[in-house]
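Structure, as structure tokens:
In the working numbering, the protein residues as written are 202 to 600.
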């Protein structure tokens, strides 16, 4: 019984840290500014400041098939009401339905010392940018940041760029980086908001909801005057290299270490070419294209050879850069609503996003999440797949 009690207490302490982090994030979030000033918000603040969560009892919970310990949490001296309130807040925050998907540099900086905060540099650039994200990471990154290789944590059997890997491959790669399911993940990139949104979507697609994008990315962090690191320990570099290598091992059927991160694919978050084809006729979802209007219209050539120009019949165009401010931060809600409304995108309809290779489509998914649409799917193959096939219908627009 002693070992069970110790394990329960340790698990309870871990949950307490997660709850504290989520409550503070909830209060920080601009989406809850009105709530924060309400009696519930004030109580939430009091919870964050004063709540000392402890495991007060582990009782056997009997079900038809098994039994398990049940944890009871309480603030010292206020067991009943605060325990219930803590549970309510945990469930509310855990649902992520109302949470803003981005956090500020100031918020992240204030949480860097916490062990369950994992910072991920997910920088990736178009070949025409002539930039090496890994070398840039080694030269300059946010303290504690890990590097996530967007071109490495992929399906290596696909001839399309950075396609989503399997559950096992993703879990192995993320575990190699030292990330666990109990962690709060903050992703950033070197442009502002670009490829970070892709990795944000990947984590969510594999069941991890406690993930956010740093608003403004590394440029925003540096503009705020916050500290950076210009050296990376060899041990950490080895982990980063292993994260990409272990993906290949999984696909080759080689044995890998038991993952510390458990991935569970959420199939509704990712669409295939077959689903997009079917959607042309049944129009279950509005397809929103994140490419430039010129590429969408087919009046300029695609950057990749052999790819036809134009767009999927019936789709709408919201270029990803139009949902961002000049500094690479996400537009506010009202501005975002206006952008989608002008493009003819109804926010009451189910939505799937697309782009060139499945990167900037995730920027649109991020923007839509800010508007409360947390069920947006991404067409993973995007235009590189659709425009590269010969049996897919295409429309062009000439104004």
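Ideal Cβ placement from N, Cα and C applies to all residues, glycine included.
Residues that residue i bridges to, as DSSP identifies them
| i | result |
| --- | --- |
| residue 596 | 512 |
| residue 430 | 342 |
| residue 518 | 490 |
| residue 388 | 321 and 414 |
| residue 437 | In DSSP, residue 437 forms no bridge with anything. |
| residue 578 | 553 |
| residue 531 | 525 |
Buried versus exposed, by CB contacts within 10 Å (16 or more), residue i
| i | result |
| --- | --- |
| residue 419 | buried |
| residue 429 | exposed |
| residue 484 | exposed |
| residue 425 | exposed |
| residue 501 | exposed |
| residue 550 | exposed |
| residue 568 | buried |
| residue 392 | buried |
| residue 431 | exposed |
| residue 506 | exposed |
| residue 523 | buried |
| residue 586 | buried |
| residue 322 | buried |
| residue 458 | exposed |
| residue 479 | exposed |
| residue 473 | exposed |
| residue 333 | exposed |
| residue 302 | buried |
Through-space distance from residue j to residue i, alpha-carbon basis
| i | j | result |
| --- | --- | --- |
| residue 492 | residue 409 | 27 Å |
| residue 598 | residue 339 | 44 Å |
| residue 327 | residue 557 | 11 Å |
| residue 366 | residue 355 | 5 Å |
| residue 461 | residue 497 | 42 Å |
| residue 547 | residue 579 | 17 Å |
| residue 228 | residue 360 | Its pLDDT being 49, under 50, residue 228 is placed unreliably by the model, and nothing is read from it. |
| residue 588 | residue 312 | 44 Å |
| residue 416 | residue 477 | 31 Å |
| residue 583 | residue 341 | 32 Å |
| residue 592 | residue 515 | 17 Å |
| residue 254 | residue 385 | Because residue 254 carries a pLDDT of 37, less than 50, the predicted location of this residue cannot be relied on, and no value is offered for it. |
| residue 357 | residue 349 | 16 Å |
| residue 519 | residue 435 | 42 Å |
| residue 489 | residue 563 | 11 Å |
| residue 406 | residue 572 | 19 Å |
| residue 525 | residue 455 | 42 Å |
| residue 325 | residue 396 | 6 Å |
| residue 561 | residue 394 | 9 Å |
| residue 380 | residue 463 | 10 Å |
| residue 596 | residue 433 | 48 Å |
| residue 438 | residue 543 | 46 Å |
| residue 344 | residue 314 | 10 Å |
| residue 329 | residue 362 | 15 Å |
| residue 440 | residue 389 | 19 Å |
| residue 545 | residue 559 | 22 Å |
Which ranges does the beta strand (DSSP E) cover as unbroken runs of at least 3 residues, wholly within the region 451-486, from first to last along the chain? If only complete runs of 3 or more residues are kept, the region 451-486 shows no beta strand (DSSP E) anywhere.
Evaluate the contact criterion for the region 362-378 versus the region 447-466: three or more CB pairs, one atom per stretch, below 8 Å. Judged by Cβ distances under 8 Å, the region 362-378 makes contact with the region 447-466, as three or more pairs qualify.
Is it the case that the region 372-383 contacts the region 301-311, given that we only count it when at least three CB pairs across the two stretches are under 8 Å? Contact between the region 301-311 and the region 372-383 is absent: fewer than three C-beta pairs spanning the two stretches fall below 8 Å.
Any chance you could list the beta strand (DSSP E) runs of at least 3 consecutive residues sitting entirely within the region 301-350, in chain order? Taking 3 residues as the shortest admissible run, the region 301-350 contains the following complete beta strand (DSSP E) segments, listed from N- to C-terminal end: 318-322.
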